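Numbering (my numbering), first residue to last: 326 to 535.
Okay, so here's the structure we're looking at.
See the structure below:
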C-alpha cells in the first residue's frame, strides 16, 4: 500500500510537471509570435515615416529582408496553390515562390506609402488550430478608425512566422488567393499563374513610379 501511494504521488508530480512545461512552452510560443509581429509593425511604421524620401524602390528594398524573415513565403505559396502544388516541378516551385515573394513585397511597398499618425495596436494573442498562434492587432488611422489585422503564425525551425493574414479580422488572404490561383492554373497551368503574378508586380511598380 505504501508503495502504491508513493507511485501515485510520483505520477501526480510528473503530471503536474508536464502541465507546467506545456503551459510554459505555449506561453513562450505566444510571446515569440507577438514579438515577431511587433518587429514587423515597427518596420512598417519606419517605412511609412520615411516613405516620401525612400520612394517606391527604397521602400521595396527596405521591406524585402523583413518580409522574408517575418513571413514563410514558400509555405504561403504552396498553400495558395492548393492541391496543384504537388503536381508542380521543382523548377515551377521556385518560380512560383519567387513570383509570389516579389508580388507580396511590391504590395507592401505600395500600400504603406505615407504616414499620417497611424499606430499599430496589439489586441490579443491566442492559440490557433494545427499548432498555430493567432496574433490579433489593429491599425489605428489618424481619424480614429481601427482596422483589424489578425496574423496566423506557425513555428518553423524555432522561428515564428506569418502563414496567413485575416484582413479586417475575417477575410483570409490565403483563401482569397487560393480561389484566384486555382482558376488561373486550370485555365493556363503554372505558366499563366506565374505570368499573372509578375504582371501584377510590374503594374504596381509602374504605378508607383508615375
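All residues carry an ideal CB built from backbone N, CA and C; glycine is no exception.
Quick caveat: nothing in here was measured; it's all calculated off a predicted structure.
For residue 388 and residue 430, believed in contact at Cβ under 8 Å, the rounded distance: 6 Å
Just to check, is the beta-carbon of residue 508 closer than 6 Å to a non-hydrogen atom of the ligand FAD? With respect to the ligand FAD, the structure shown offers nothing to examine, as it has no ligands at all.
Kindly give me the distance between the Cβ atoms of residue 376 and residue 437, rounded to whole angstroms, as I take these residues to be in contact under 8 Å. 7 Å between Cβ atoms; contact.
Inter-residue spacing [alpha-carbon to alpha-carbon] between residue 382 and residue 464: 24 Å
Pair within 7 Å by beta-carbon distance, residue 365 and residue 405: Taking C-beta atoms as the reference points, residue 365 and residue 405 fail to come closer than 7 Å.
By how many angstroms is the C-alpha of residue 486 removed from the C-alpha of residue 356? 13 Å
Beta-bridge partners of residue 447, as assigned by DSSP: 462
Which full runs of the alpha helix (DSSP H) of 4+ residues lie inside the region 345–410, going along the chain? 376–395 and 398–405
My understanding is that residue 428 touches residue 488, with C-beta atoms under 8 Å, so please give their C-beta distance in whole angstroms. Incorrect: roughly 17 Å between the Cβ atoms, too far for contact.
Backbone CA spacing between residue 508 and residue 514 [nearest angstrom]: Going by the C-alpha atoms only, they are around 9 Å apart.
The region 449–468 in contact with the region 410–422 per 3-pair CB rule at 8 Å: no
Counting only C-beta atoms, is residue 387 closer than 7 Å to chain B at any point? The structure shown has no chain B; it contains just one protein chain.
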